[in-house]
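Counting from -17, one number per residue, gives the positions in the sequence shown under the working numbering.
Heads up, the thing below is written out as structure tokens.
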Amino acid sequence: MHIHHLSGYIQSIYLVEYEHGLLLLDGCSRADVELIHTFVSESLHRPITDLKIVVVTHMHPDHAGAAEALRKLAGCRILTSEKPHHWYSGLHGMLMYTTDLLLTFWVASRLKKPKRNLFYSPFLEPDIVAEEGMRIPEFEDWQILNMPGHTDRDLAVYHAPTHTIYVADLIVKVKDKFIPPFPVFHPNQYRISVNKLHDLYPSDVLLAHSGSVKLKDEDYAHLFDNLPELPKTHWRATKRKAYSLIKRYRLRKRRDL
């Protein structure tokens, strides 16, 4: 087993290679399809049909954007959570989908990446429904763990033999400190997920945006100190910004009187 770490459009890509096939630990962005295809064919000298399973940890553009295109290209199966409703369902969901795409374009521009087509279907039908503790078919040494909080359906992928875990956006690294991501829709579930990671205490933690890291006690302590008590979402951030602008406007008006 070998884990290849590729630098994707705006996130890390973890492609696991075995003699019998390839496992992709997350669904990447739509802009990464060509990169994955080229790496498999030119660097690994394997047909793209050797890609057997794509895990989608959650539905954000840089984690689900390439999944459907890879399924059509490689004939692979998609493993992800199945909930009573799609993450981007309804009017509110479509507004969130649009906002998430705009944020992805913004991050890409900050990273000075060329403009690429990032649009993908917000509705994904899995071939394999993820369940807590299940072994990934064809890759039985990898295990699915539910780690919700960032969204309601986040997954982590754990390799017990090497004590390695891919946690997607469960935590992010900013200025050498590990903190919760934005957004956190379910702070109580998020706290449970972080505790689960701490109890597992893996040797290597694969992050979606900072590569492979080794978390120490002080890293967990800082993370626990910064756990949100209330949801941190786009809507709440927008409301805070709006209230701030209104407050500034009223103060200026009072000064002018």
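Think of the CB as a built atom: it goes at the ideal place given N, C-alpha and C, for glycine as much as any other residue.
- DSSP places LYS97 outside both helix and strand once states are collapsed to three, so it counts as coil.
- Restricting attention to beta strand (DSSP E) runs no shorter than 3 residues, the region 47 to 98 encloses them at 59 to 62, ordered along the chain.
- CA-to-CA, the gap between LEU17 and ILE(-8) works out to about 12 Å.
- Residue MET129 holds the alpha-carbon nearest to the alpha-carbon of HIS168 among LEU100, MET129, SER63, GLY115.
- Rounded to whole angstroms, the gap between the alpha carbons of LYS214 and GLY75 is 16 Å.
- The continuous stretches of alpha helix (DSSP H) do not include LEU26, and DSSP gives it neither H nor E.
- In this structure, HIS27 keeps its C-beta atom at 9 Å or more from the C-beta atom of ASP136.
- Closest in C-alpha terms to HIS2, from the list HIS(-16), ALA13, LEU52, comes HIS(-16).
- If the five residues before and after ARG98 are omitted, its C-beta is found closer than 7 Å to the C-beta atoms of TYR(-9), ALA13, all from its own chain and listed in chain order.
- Measuring C-alpha to C-alpha distances from GLY9 to each of VAL187, SER71, LYS95, PRO104 identifies PRO104 as the nearest.
- Along the length of the region 181 to 207, whole alpha helix (DSSP H) runs at least 4 residues long occupy 199 to 207, reported in chain order.
- Around the beta carbon of TRP69, 16 or more other beta carbons lie within 10 angstroms, which makes this residue buried.
- Under the three-state reduction of DSSP output, LYS155 falls in the strand class.
- Beta-bridge partners of ASN177 (DSSP): none assigned.
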